[in-house]
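Quick notes on the structure that follows.
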Amino acid sequence: MHVAGGATEYRVWERASPIVVSQRQSSKNSGPFAFLTGRRGRAHGLNGLKRLAERAWSGFLTYAVKFGVVGFAGFLIDVGLFNLLFLGAFGTGHFFATAIGAKLISTSVAIVFNWIGNRYWTFRENRRKNVGLELVEYALVSIGGLIIAEACIWFTHHVLGQTSVLATNIAANVVGLALGTAFRFVLYRYWVYGEKRSDGMQNLAAAAAAAAAAEQEKTLVNS
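If you read the sequence shown in UniProt numbering, its first letter stands for residue 1, the second for the next number, and so on.
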């Protein structure tokens, strides 16, 4: 009986041992970074990061495409009005018939058009409750883009000595426009219409929903 009991005890220990080992292995793989341990965990973590990056890139592309459509329409307004003024369609001999003056007017009109398009379409979910402050910030960023374009014209005229219509258009509407557009998109997306702006319509809606949920929970607890 003692031998049999010993054999029985051995078999019990043999069966229980894998459970102990499994528990030890499980404890090693627990914790906040468990998804990064082991081959399967690392693969799962990398897949999660990949999906997160894909969603972020998809959202970025959506904004970029919409911004591009609005910007292209604004570009047509900018270039068309610039050339009408610069070529004397509204008279000559005044400041707005010069390259600098024509660019000032054409860009200002395009800024207003682009603001309306971006506020109510491109970044509509992040548009601001304080319209006045949004417009001021939008205008400041747009002025920064305008300064870039004006600097390109000045450099072309006064440094390179190129004052032809073609050279002026390349400076204002190719180089200047490309640099100014990149500058404006980054600041519009992450400053003027950033998700973390406290008075954004999306954040206000989320805050209102959270407040309503908290009030409902409080009512259920008190009832």
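Backbone N, C-alpha and C define an ideal beta-carbon position, used for all residues, glycine too.
Going straight from the alpha carbon of Phe-86 to that of Trp-191, what length do you get?
Rounded to whole angstroms, Phe-86 and Trp-191 show a C-alpha spacing of 34 angstroms.
Consult DSSP for Arg-128 and reduce its assignment to one of helix, strand or coil.
Strand, per DSSP.
For the region 61-80 and the region 178-192, state whether three or more C-beta atom pairs, one from each stretch, are separated by less than 8 angstroms.
Flag = yes, the region 61-80 and the region 178-192 touch.
Comparing C-alpha positions only, which one of Tyr-63, Phe-60 and Phe-72 sits nearest to Leu-177?
Among Tyr-63, Phe-60 and Phe-72, the Cα nearest to that of Leu-177 belongs to Phe-72.
Through-space distance from Ile-143 to Phe-96, alpha-carbon basis:
Distance between Phe-96 and Ile-143, taken at the CA atoms: about 17 angstroms.
CB of Phe-82 within 8 angstroms of CB of Ala-151, strictly
No, these two residues do not count as a Cβ contact at 8 angstroms.
Grab me the residues of Ser-106's own chain with a C-beta within less than 6 angstroms of its C-beta, minus the 5 sequence neighbours each way, in chain order.
Asp-78, Leu-81 and Phe-82, listed in sequence order.
Taking the alpha-carbon of Arg-197 as reference, which of Thr-122, Leu-220 and Leu-133 has the nearest alpha-carbon?
It is Leu-133 whose Cα lies nearest to the Cα of Arg-197.
Straight-line gap, Thr-219 to Lys-129 (C-alpha atoms, nearest Å):
If you take the alpha carbons of Thr-219 and Lys-129, they lie about 30 angstroms apart.
Return the CA-CA distance between His-94 and Lys-103, expressed in angstroms with no decimal places.
The straight-line gap separating the alpha-carbon atoms of His-94 and Lys-103 is approximately 13 angstroms.
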